[in-house]
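Below you'll find the structure, written out as structure tokens, and then a few comments.
Protein chains in written order, with the numbering used here: chain X, 5 to 369; chain Z, 5 to 369.
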């Protein structure tokens with residue numbers, strides 16, 4: 005199993021939609037972690053190119069993340085009403101809103117490509133593929149990871165034959181990986197998920213959500229995770245394709261929130277004017293709203309208008325460092341070893357004092 | 005500092021409103037952790053009795069938690085509208101709703117009592133006392149802890165002279181300890197808070213929120229916390245005053261959510277009919293709504309109607325064990341030592357493999 009073979013138990017989150025690059029995935033894998041190529045929003049042909057480019061940069065294993073198909077088309081009228089609400093923004097920016105079409109992001113073609121030319125790990129977000137699809141990938145030599153956000157999803161993924169689970173806490177930047185886009189009455193944190201899923205499902209867990217320091221990586225390992233998956237922590241690396249306007253915001257301490265404004269599916273980003281203004285009309289309609297707002301977001305990235313951009317970021321984004329990805333991995337590794345040592349030393353000290361403490365105990369009795 | 009003197013870095017959350025008892029606080033302190041007496045909702049005289057009763061049961065240090073005064077009276081009309089909405093529930097139960105009065109829970113009297121007869125730690129929830137009040141308690145020999153839920157609150161508490169901070173993540177059961185009752189755009193998890201507050205404030209941090217296993221305690225220690233504070237994990241202990249109907253629900257895996265239905269202040273509890281029905285009319289009006297719903301909740305506890313009770317619970321409540329508090333502490337301690345050892349061993353294995361891995365690296369270059 006790949007998780008047992010990593011030199012450093014750090015996995016790069018896929019970061020679809022811009023930040024993901026072959027250079028980033030290769031740098032993380034080359035440093036002893038596990039890099040990921042994002043299939044999301046790419047054509048099958050572009051995905052094949054990305055895989056080839058990553059292989060040209062590293063012989064180490066890496067993964068590919070695929071968006072599982074979502075429930076089906078949304079109510080077109082809700083999308084139209086939302087488009088009308090956004091129209092003044094588009095006019096102001098001088099762009100036309102995109103056509104709000106439904107698609108499955110080339111799911112079948114991407115799976116066919118990955119079966120024909122396997123990578124070490126295929127992970128899924130937004131749902132659990134069929135046990136048949138998982139078995140086919142496994143037979144081709146890939147491990148299959150499924151992103152989950154609660155115990156029910158974890159059980160479903162385990163029953164379908166997943167090799168491991170990516171346990172995504174509410175702290176995570178970008179889209180919630182939940183199987184259904186819903187307002188979570190319980191938005192479990194990553195530490196809560198490791199506990200409750202760990203009690204019910206016997207699969208290796210990869211912990212994701214708001215992990216920016218080696219101490220936090222050490223934390224999820226201590227809580228039983230086999231590895232930590234970090235996204236925002238890599239978004240300021242020179243290898244990442246993160247837009248400059250997005251990089252600048254990541255370095256600030258501005259708050260984040262969950263929003264459907266940009267894509268019609270809950271995702272965490274740094275709060276900006278579009279989120280503050282259009283949350284209430286924004287419907288649950290993915291990927292229709294993603295296509296609708298794409299030109300506006302592209303304009304914002306090009307013109308540097310942060311208020312028009314989906315500024316995906318985890319809760320601890322201000323701690324993401326601007327340095328090469330290999331250095332991020334090695335610094336996190338050093339920090340995590342030191343963090344575990346410190347915790348051990350502290351506890352050993354407490355034990356020693358406890359042993360010396362007996363006189364007080366007898367006095368108390 | 006008390007946190008350096010604990011045999012086991014486990015702190016019992018105060019659990020005001022029923023579960024807190026002198027027996028529980030004494031059992032946790034006696035087991036090598038730090039127990040807490042809840043001053044909240046108690047008269048100053050009852051608090052004095054609780055402190056005396058705890059001292060009669062243990063010579064070990066323990067703490068007292070005090071509710072800081074809240075902003076001031078809420079809009080009476082909003083409270084009246086909410087009372088009217090709840091009226092059918094009261095009629096059905098055959099009780100009269102309580103008078104929705106504003107009070108400060110005897111703040112000045114309780115501080116006077118604690119200055120005159122100090123305990124090891126005085127902690128605060130719902131706000132930060134003045135630097136003058138903190139200095140007076142410190143001069144009397146107490147350490148002062150302040151509960152915080154974001155970086156701004158942490159900075160304010162540090163500037164006011166707090167000895168340590170209780171860092172309460174969004175996973176936590178019961179009331180949010182935030183200085184102002186607000187809908188959190190960013191509801192930071194405990195692991196996120198440890199990272200961002202740890203980067204800005206140089207005070208010992210006590211981590212709280214959804215910690216039910218030794219692995220989770222190990223996690224927050226690895227992330228830099230000086231100790232872990234657990235509430236729900238102690239609510240099924242025989243020493244706790246938790247109502248039977250509440251105990252039964254804790255043992256289930258029913259989901260939790262944040263609600264203002266019961267007290268007019270955001271708190272996390274297991275979702276029940278009252279929460280599902282009255283969230284939208286429930287105003288931000290603490291403690292008025294607390295007093296308003298008190299008879300309804302008391303009726304629910306006595307009659308066993310879980311749908312009328314504030315079923316405070318952290319996100320991992322299903323993992324709370326039914327066993328004596330000393331056994332909870334000692335089991336968590338064993339688990340946390342094992343969890344840190346396992347994480348160390350796993351990393352040492354990865355390092356060894358990394359060292360053996362060189363041939364592949366040279367082949368790749």
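We put the CB at the ideal spot given by N, CA and C, even for glycine.
Quick caveat, the model's predicted, so the values are computed rather than measured.
Quick check on residue 174 of chain Z: does DSSP put it in helix, strand or coil?
Walking along the second chain from the start, residue 174 of chain Z turns up at place 170. Looking at residue 174 of chain Z - three-state DSSP - the assignment turns out to be coil, as it is neither helix nor strand.
Per the DSSP calculation, residue 136 of chain Z is bridged to which residue(s)?
Counting from one through the second chain, the residue named residue 136 of chain Z turns up at place 132. Beta-bridge pairing links residue 136 of chain Z to no other residue.
Exposed unless 16 or more other CB atoms sit within 10 angstroms - verdict on residue 2 of chain X:
Only positions 5 to 369 of chain X appear in the structure, and residue 2 of chain X is not among them; the question remains open.
Under three-state DSSP, which class holds residue 56 of chain Z?
Start at 1 with the first residue of the second chain, and residue 56 of chain Z comes out as number 52. Helix.
What residues from chain X crowd round residue 186 of chain Z, counting only those whose CB sits closer than 8 angstroms?
Taking the first residue of the second chain as 1, we reach residue 186 of chain Z at position 182. Chain X residues near residue 186 of chain Z: none, gap ~12 angstroms exceeds 8 angstroms.
Taking residue 307 of chain Z as the reference, give the member of Z/96, Z/358, Z/109 with the closest Cα.
Here residue 307 of chain Z refers to the residue found at position 303 when the second chain is read from its first residue. Residue 307 of chain Z has its Cα closest to that of Z/96, out of Z/96, Z/358, Z/109.
Taking Cβ positions only, does residue 182 of chain X come closer than 9 angstroms to chain Z?
By one-based count along the first chain, residue 182 of chain X stands at place 178. Chain Z, which has no Cβ nearer than 9 angstroms to the Cβ of residue 182 of chain X, makes this no.
Note down, in chain order, every chain X residue with its Cβ under 7 angstroms from the Cβ of residue 358 of chain Z.
Your numbering for residue 358 of chain Z matches position 354 in the second chain. What residue 358 of chain Z touches in chain X: 11, 36.
Run through DSSP, which three-state label would residue 2 of chain X get?
Residue 2 of chain X lies beyond the range of chain X shown here (5 to 369); nothing can be said about it.
Who are the near neighbours of residue 321 of chain Z in its chain, counting only those whose CB is closer than 6 angstroms to its CB and skipping five residues on each side?
In the second chain, the residue the question calls residue 321 of chain Z occupies position 317. Excluding sequence neighbours, residue 321 of chain Z sits near 236, 254.
Relative to the C-alpha of residue 15 of chain Z, which residue among Z/213, Z/110, Z/202 is closest?
As a working mapping, residue 15 of chain Z is identified with position 11 in the second chain. The shortest Cα separation from residue 15 of chain Z among Z/213, Z/110, Z/202 belongs to Z/213.
What whole-angstrom Cβ distance do residue 210 of chain Z and residue 148 of chain Z have, given they're in contact under 8 angstroms?
Stepping through the second chain from its first residue, residue 210 of chain Z is reached at position 206. Stepping through the second chain from its first residue, residue 148 of chain Z is reached at position 144. Between residue 148 of chain Z and residue 210 of chain Z the Cβ distance is about 12 angstroms, and since that is not below 8 angstroms, they are no contact.
Beta-carbon neighbours of residue 84 of chain Z, restricted to chain X and to distances below 9 angstroms
For the purposes of this step, residue 84 of chain Z is taken as residue 80 along the second chain, with counting starting at 1. Ordered by position in chain X, no residue passes the 9 angstroms Cβ test against residue 84 of chain Z, which lies about 27 angstroms from the chain.
Using the C-alpha atoms, what's the distance from residue 123 of chain Z back to residue 143 of chain Z?
Position 139 of the second chain, counted from the first residue, corresponds to residue 143 of chain Z. Position 119 of the second chain, counted from the first residue, corresponds to residue 123 of chain Z. Rounded to whole angstroms, residue 143 of chain Z to residue 123 of chain Z spans 12 angstroms at the Cα level.
Does chain Z have any CB closer than 9 angstroms to the CB of residue 22 of chain X?
Translated into positions along the first chain, residue 22 of chain X becomes position 18. Residue 22 of chain X does not count as touching chain Z.
If I'm right that residue 104 of chain Z touches residue 296 of chain Z with Cβ under 8 angstroms, what's the distance once you round it to whole angstroms?
Stepping through the second chain from its first residue, residue 104 of chain Z is reached at position 100. Stepping through the second chain from its first residue, residue 296 of chain Z is reached at position 292. That pair is a contact at about 4 angstroms.
On the DSSP bridge assignment, give the partners of residue 273 of chain Z in chain order.
Locating residue 273 of chain Z in the second chain gives position 269, counting from the first residue. Per DSSP, Z/261, Z/316.
Where do the N-terminal and C-terminal ends of the beta strand (DSSP E) with residue 152 of chain X fall, by residue?
In the first chain, residue 152 of chain X corresponds to position 148, counting from 1. Start and end: 147 to 152.
Looking only at DSSP bridge pairs, what is residue 127 of chain Z linked to?
Taking the first residue of the second chain as position 1, residue 127 of chain Z is located at position 123. Partner(s): Z/69, Z/149.
With DSSP run on the structure shown, which of helix, strand or coil describes residue 306 of chain X?
Taking the first residue of the first chain as 1, we reach residue 306 of chain X at position 302. Helix at residue 306 of chain X.
The stretch 20 to 33 of chain Z contacting the stretch 62 to 79 of chain Z, beta-carbon criterion three pairs below 8 angstroms
yes
Taking 9 angstroms as the threshold (C-beta atoms), are residue 318 of chain X and residue 227 of chain Z in contact?
Taking the second chain and counting its residues from 1, one reaches residue 227 of chain Z at position 223. Taking the first chain and counting its residues from 1, one reaches residue 318 of chain X at position 314. Cβ distance not < 9 angstroms, so residue 227 of chain Z and residue 318 of chain X don't count as in contact.
Spell out the partners DSSP gives residue 40 of chain X in its beta bridges.
Counting from 1 along the first chain, the entry for residue 40 of chain X is found at position 36. According to DSSP, which records beta bridges pairwise, residue 40 of chain X is partnered with X/67.
Opposing strand residues paired with residue 209 of chain X [DSSP bridges]
Numbered from its first residue, the first chain carries residue 209 of chain X at position 205. DSSP, once it has assigned bridges, lists X/169 as partnering residue 209 of chain X.
Measure the alpha-carbon distance for residue 220 of chain Z versus residue 193 of chain X and round it to whole angstroms.
For the purposes of this step, residue 220 of chain Z is taken as residue 216 along the second chain, with counting starting at 1. For the purposes of this step, residue 193 of chain X is taken as residue 189 along the first chain, with counting starting at 1. Approximately 12 angstroms between the Cα atoms of the pair.
Quick check on DSSP: helix, strand or coil for residue 141 of chain X?
Here residue 141 of chain X is taken as the residue at index 137 of the first chain, counted from 1. Of the three classes helix, strand and coil, the one that applies to residue 141 of chain X here is helix, per DSSP.
Would you check if the distance between the CB atom of residue 204 of chain Z and the CB atom of residue 264 of chain Z is smaller than 9 angstroms?
Start at 1 with the first residue of the second chain, and residue 204 of chain Z comes out as number 200. Start at 1 with the first residue of the second chain, and residue 264 of chain Z comes out as number 260. Not closer than 9 angstroms, so no.
Identify which residue in X/72, X/352, X/36, X/27 has its Cα closest to the Cα of residue 150 of chain X.
Counting from 1 along the first chain, the entry for residue 150 of chain X is found at position 146. When each option's Cα is compared against that of residue 150 of chain X, the closest is X/72.
How would you label residue 186 of chain Z, buried or exposed, when you count the other beta carbons within 10 angstroms and need 16 or more for buried?
Against the second chain, residue 186 of chain Z aligns to sequence position 182. Exposed: under 16 other Cβ atoms inside 10 Å.
Are the beta-carbon atoms belonging to residue 347 of chain Z and residue 222 of chain X less than 9 angstroms from one another?
One-based indexing of the second chain puts residue 347 of chain Z at position 343. One-based indexing of the first chain puts residue 222 of chain X at position 218. Cβ distance < 9 angstroms, so residue 347 of chain Z and residue 222 of chain X count as in contact.
Please go through the same chain and pick out, in chain order, the residues whose beta-carbon is closer than 7 angstroms to the beta-carbon of residue 161 of chain X, but skip the five residues on each side of it.
For the purposes of this step, residue 161 of chain X is taken as the residue at position 157 of the first chain. Cβ within range, chain order: 132, 150, 152, 169.
Boundaries of the alpha helix (DSSP H) in which residue 6 of chain X is found, first to last residue
Position 2 of the first chain holds residue 6 of chain X. Unbroken alpha helix (DSSP H) run through residue 6 of chain X: 6 to 9.
Kindly list, in the order they appear in chain Z, the residues whose Cβ is closer than 8 angstroms to that of residue 347 of chain X.
Within the first chain, the letter at position 343 stands for residue 347 of chain X. Those within 8 angstroms of residue 347 of chain X in chain Z are 222, 225, 226, 344.
Is residue 249 of chain X near residue 184 of chain X, with beta carbons less than 9 angstroms apart?
Within the first chain, the letter at position 245 stands for residue 249 of chain X. Within the first chain, the letter at position 180 stands for residue 184 of chain X. Their beta carbons are not under 9 angstroms apart, which means residue 249 of chain X does not touch residue 184 of chain X by this criterion.
Please report the straight-line C-alpha distance between residue 343 of chain X and residue 310 of chain Z, rounded to a whole angstrom.
Residue 343 of chain X sits at position 339 when you count from the first residue of the first chain. Residue 310 of chain Z sits at position 306 when you count from the first residue of the second chain. Their Cα atoms are separated by approximately 43 angstroms.
Under the three-state DSSP convention, the category residue 231 of chain Z falls into
Sequence index remark: in the second chain, residue 231 of chain Z carries index 227 (1-based). Looking at residue 231 of chain Z - three-state DSSP - the assignment turns out to be strand.
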